[in-house]
């Protein structure tokens, strides 16, 4: 039985001068995220298979069928269209081309930075191995700690002989439900425990499941006592439960704020530090994203919404509409929904993000065994490859680089797997399919982006150079999956924009592309820009130029 104490509820159960050159290389912005929790347990108790109580509204068993997940809102119901839909997945296998070998990796790799990889030296090794986005997990560490990590990243890039673009991702802790203190504090023992969720008894009903510690301990609600703020559960399996362990309520609509006080402080810190992305944890509806956007208003920080619950899946379309990107956060998601359905949801989210032209990150346990082993399992290697083949723009490493014994090897291995998977994609078949999905009319910028990709195929362009103020044109081009790498060129500040003209910027971009091995002197290069310089949204010019390989007088 659980008794509520003040503040707790019992709960237990089982740029350089003129411009900065950013290598976008196909993915539509870099993005990445997912949580790595290194819990420190001060007390443990044994949960046996008997009735114990836990603290903590109705369950919505909404597991849509695979047809519902992929059906468009106004899908033609004719037999022909249904057949076309059912063969979509099979048709995609025809886009594999095992003969083509890539020169450079296009997928983005997000690495969680922890104590073992925070130093300038270690960060440099990760960057050289393939890191493109550094994830800072704000579930752990102080602002001072994360500020030092950011400073170290920028120090390495500044001093590097071959500087490259590295984005910084702030991953919020988000609203969480956890177990409280145990035994030593007299708040919990082997028969009862407390939780941090004060509305537990008002949220669950008999028959609901309460999972503890990433689902390692499962319980079923057998009695709810709202007046006493107690919930009695039956433990389904033996195991240990420690303090501050995560609690999941599958299918339950929880009454938690989208942004906690800690999150608000962390977001302000991120603004001051100039981070590039916010990975917003536990996003359940569009309003949650809009609340974060209100806090970061006036910045160019992109919001990547992490989908980690059934409610988030139910509201996915509205969340995608207001987000800059999506993370398939398989950790908590795999606890909140039946684990056998995670692959289905992963494919659904990736497909919808691809159709919307927004980046999608696949995260959690991708090379988990490399935390302790120098090689991944075959299943893990296949998982990473399939995520890329499905359309993921970014794949993420969590514990592998935050606390693992082989962080650099893990990044190198992920880069190798991504490169091989990309080599098997027949990009020439993807472009016409993506074009057929367009709903006309489209914007001028979108039309230029689409034409740029088609032209890159027609002239066998070695490189696509994009002059952009906001990154939107680069993102639109990457939506059409060009095989040529994309080099986005953007002014670093207002002074630089006034100093450099378009032609000079294009020339410098070509030199950079040659330096990075993207193109050779004389190669055809597709360039997009706007007739009005330095005006966002004015992209309306597409040209084919010959690449230069030397400085102009």
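Residue numbers (my numbering): 304 to 856. In this text, a Cβ means the ideal position worked out from N, Cα and C, and glycines have one as well. Given the structure is predicted, the values throughout are model-derived calculations rather than measurements.
Problem - Beta-carbon separation (whole angstroms), residue 475 vs residue 591, contact threshold 8 Å - result: Taking the first residue of the chain shown as 1, we reach residue 475 at position 172. Taking the first residue of the chain shown as 1, we reach residue 591 at position 288. With 8 Å as the limit, residue 475 and residue 591 do not qualify as a contact, their Cβ atoms being about 11 Å apart.
Handout entry: Secondary structure, beta strand (DSSP E): runs of 3+ residues fully inside the segment 591-655
Key = Entirely contained in the segment 591-655, the beta strand (DSSP E) runs reaching 3 residues are, in chain order, 605-610, 628-632.
Handout entry: residue 669 versus 585, 632, 769, residue with shortest Cα-Cα distance
Key = Working through the chain shown from its first residue, we reach residue 669 at position 366. The residue with the shortest Cα to Cα distance from residue 669 is 632.
Exercise for the section: With residue 470 as the anchor, note down where its beta strand (DSSP E) starts and where it stops. Expected result: As a first step, residue 470 must be located in the chain shown, where it is residue number 167. Note, residue 470: beta strand (DSSP E), 470-474.
Problem - residue 846 versus residue 408: straight-line alpha-carbon distance, rounded - result: In the chain shown, residue 846 corresponds to position 543, counting from 1. In the chain shown, residue 408 corresponds to position 105, counting from 1. When rounded, the distance between both Cα atoms is 25 Å.
Exercise for the section: Could you tell me how far apart the beta carbons of residue 509 and residue 525 are, in whole angstroms, since I believe they sit closer than 8 Å? Expected result: By one-based count along the chain shown, residue 509 stands at place 206. By one-based count along the chain shown, residue 525 stands at place 222. The Cβ separation is near 6 Å, so the contact holds.
Exercise for the section: In the DSSP assignment, find the alpha helix (DSSP H) that holds residue 692 and state where it starts and stops. Expected result: In the chain shown, the residue the question calls residue 692 occupies position 389. The continuous alpha helix (DSSP H) containing residue 692 extends over residues 681-693.
Practice task
Indicate the three-state DSSP secondary structure (helix, strand or coil) for residue 850 in the structure shown.
Solution key: Residue 850 sits at position 547 when you count from the first residue of the chain shown. DSSP, read as helix, strand or coil, puts residue 850 in coil.
Practice task
With a 10 Å radius around its C-beta and 16 neighbouring C-beta atoms as the bar for buried, classify residue 548 as buried or exposed.
Solution key: For the purposes of this step, residue 548 is identified with residue 245 of the chain shown, where counting begins at 1. Residue 548 is classed as buried because its beta carbon has at least 16 other beta carbons within 10 Å across all chains shown.
Handout entry: Alpha carbon of residue 785 to alpha carbon of residue 600, nearest angstrom
Key = Translated into positions along the chain shown, residue 785 becomes position 482. Translated into positions along the chain shown, residue 600 becomes position 297. Approximately 32 Å, taken between the alpha carbons.
Problem - Supposed contact pair residue 546 and residue 485 - C-beta distance, whole angstroms, cut 8 Å - result: As a position in the chain shown, residue 485 is number 182, starting the count at 1. As a position in the chain shown, residue 546 is number 243, starting the count at 1. Going by Cβ atoms, the distance from residue 485 to residue 546 rounds to 5 Å, so yes, they are a contact pair.
Handout entry: DSSP bridge partner residues for residue 422 (one or two, in chain order)
Key = Taking the chain shown and counting its residues from 1, the one referred to as residue 422 is at position 119. BP columns for residue 422 are empty, so no partner.
Problem - Straight-line Cα distance separating residue 649 from residue 528 - result: Indexing the chain shown from 1 puts residue 528 at position 225. Indexing the chain shown from 1 puts residue 649 at position 346. Here the alpha carbons of residue 649 and residue 528 stand approximately 37 Å from one another.
Practice task
Since I believe residue 615 is in contact with residue 587 (beta carbons under 8 Å), could you give me their beta-carbon distance rounded to a whole number of angstroms?
Solution key: By 1-based counting over the chain shown, the position of residue 587 is 284. By 1-based counting over the chain shown, the position of residue 615 is 312. By a beta-carbon distance limit of 8 Å, residue 587 contacts residue 615. Their separation comes to about 5 Å.
Exercise for the section: Taking residue 760 as the reference, give the member of 779, 461, 783, 427 with the closest Cα. Expected result: As a first step, residue 760 is located in the chain shown; it is residue number 457 there, counting from the start. Across the set 779, 461, 783, 427, the C-alpha of 783 shows the shortest separation from the C-alpha of residue 760.
Problem - Under the three-state DSSP convention, the category residue 772 falls into - result: As a position in the chain shown, residue 772 is number 469, starting the count at 1. In the three-state DSSP reduction, residue 772 falls in the coil class, being neither helix nor strand.
Exercise for the section: Given a cut-off of 8 Å, decide if residue 436 and residue 656 are closer than it, judged by their beta-carbon atoms. Expected result: As a working mapping, residue 656 is identified with position 353 in the chain shown. As a working mapping, residue 436 is identified with position 133 in the chain shown. Between residue 656 and residue 436, the C-beta spacing is not below 8 Å.
Exercise for the section: For my contact list, residue 770 and residue 831 are in at a C-beta cut-off of 8 Å; report their separation, rounded to the angstrom. Expected result: Along the chain shown, read from residue 1 onward, the residue named residue 770 stands at position 467. Along the chain shown, read from residue 1 onward, the residue named residue 831 stands at position 528. Indeed they touch by this definition, with Cβ atoms about 7 Å apart.
Problem - Segment contact, 8 Å Cβ cut-off, at least three pairs: the segment 556-572 with the segment 464-481 - result: The segment 556-572 vs the segment 464-481: in contact.
Problem - Euclidean distance between Cα positions of residue 432 and residue 705 - result: One-based indexing of the chain shown puts residue 432 at position 129. One-based indexing of the chain shown puts residue 705 at position 402. C-alpha separation (whole angstroms): 15 Å.
Practice task
Could you tell me which residues DSSP puts in a beta bridge with residue 550?
Solution key: Reading the chain shown from its first residue, position 247 is the one you call residue 550. Beta-bridge pairing links residue 550 to 515.
Exercise for the section: Rounded to whole angstroms, what's the CA-CA distance from residue 791 to residue 456? Just pull it up for me. Expected result: Residue mapping note: residue 791 aligns to position 488 of the chain shown, counting from 1. Residue mapping note: residue 456 aligns to position 153 of the chain shown, counting from 1. Distance between the alpha carbons of residue 791 and residue 456 is about 21 Å.
Handout entry: Alpha-carbon spacing of residue 646 relative to residue 622, whole angstroms
Key = Sequence index remark: in the chain shown, residue 646 carries index 343 (1-based). Sequence index remark: in the chain shown, residue 622 carries index 319 (1-based). Rounded to whole angstroms, residue 646 to residue 622 spans 20 Å at the Cα level.
Exercise for the section: Answer yes or no: do residue 624 and residue 589 have a C-beta to C-beta separation smaller than 8 Å? Expected result: Taking the chain shown and counting its residues from 1, the one referred to as residue 624 is at position 321. Taking the chain shown and counting its residues from 1, the one referred to as residue 589 is at position 286. Yes; because the gap between Cβ atoms is below 8 Å, this pair is in contact.
Problem - Integer-rounded CB distance, given that residue 552 should sit under 8 Å from residue 579 - result: As a first step, residue 579 must be located in the chain shown, where it is residue number 276. As a first step, residue 552 must be located in the chain shown, where it is residue number 249. Going by Cβ atoms, the distance from residue 579 to residue 552 rounds to 33 Å, so no, they are not a contact pair.
Problem - Alpha-carbon to alpha-carbon, residue 810 and residue 850 - result: For this step, residue 850 is matched to residue 547 along the chain shown. For this step, residue 810 is matched to residue 507 along the chain shown. The alpha-carbon atoms of residue 850 and residue 810 are separated by roughly 8 Å.
Practice task
Along the beta strand (DSSP E) that carries residue 572, what are the first and last residues, could you check?
Solution key: Position 269 of the chain shown, counted from the first residue, corresponds to residue 572. For residue 572, no beta strand (DSSP E) segment is defined; the enclosing uninterrupted segment is the alpha helix (DSSP H) at 564-576.
Handout entry: Beta-carbon contacts of residue 737 that lie in its chain and below 6 Å, excluding the five residues immediately before and after
Key = Along the chain shown, read from residue 1 onward, the residue named residue 737 stands at position 434. The residues are 783.
Practice task
Decide if residue 694 is buried, meaning its Cβ has at least 16 other Cβ atoms within 10 Å, or exposed.
Solution key: As a working mapping, residue 694 is identified with position 391 in the chain shown. Residue 694 comes out buried.
Handout entry: Test item: CB-CB of residue 663 and residue 629 under 8 Å
Key = In the chain shown, the residue the question calls residue 663 occupies position 360. In the chain shown, the residue the question calls residue 629 occupies position 326. Yes, these two residues count as a Cβ contact at 8 Å.
Practice task
Tell me whether the beta-carbon of residue 423 lies closer than 8 Å to the beta-carbon of residue 458.
Solution key: Start at 1 with the first residue of the chain shown, and residue 423 comes out as number 120. Start at 1 with the first residue of the chain shown, and residue 458 comes out as number 155. Cβ distance < 8 Å, so residue 423 and residue 458 count as in contact.
Exercise for the section: List the endpoints of the continuous beta strand (DSSP E) containing residue 833. Expected result: Against the chain shown, residue 833 aligns to sequence position 530. Counting along the chain, the beta strand (DSSP E) containing residue 833 begins and ends at 827-833.
Exercise for the section: Using 10 angstroms around the beta-carbon of residue 778, count the other beta-carbons present and answer buried if the total reaches 16, otherwise exposed. Expected result: On the chain shown, residue 778 is found 475 positions in, with the first residue counted as 1. Residue 778 should be labelled buried.
Practice task
Just grab the DSSP bridge partners of residue 415 for me.
Solution key: Within the chain shown, residue 415 is the residue found at index 112, counting from 1. Its beta-bridge partners are 438.
Problem - Per-residue DSSP class, three states only, for residue 528 - result: Within the chain shown, numbered from 1, the residue matching residue 528 stands at position 225. Of the three classes helix, strand and coil, the one that applies to residue 528 here is strand, per DSSP.
Handout entry: Cα-Cα separation, residue 729 to residue 720
Key = Taking the chain shown and counting its residues from 1, one reaches residue 729 at position 426. Taking the chain shown and counting its residues from 1, one reaches residue 720 at position 417. Distance between the alpha carbons of residue 729 and residue 720 is about 17 Å.
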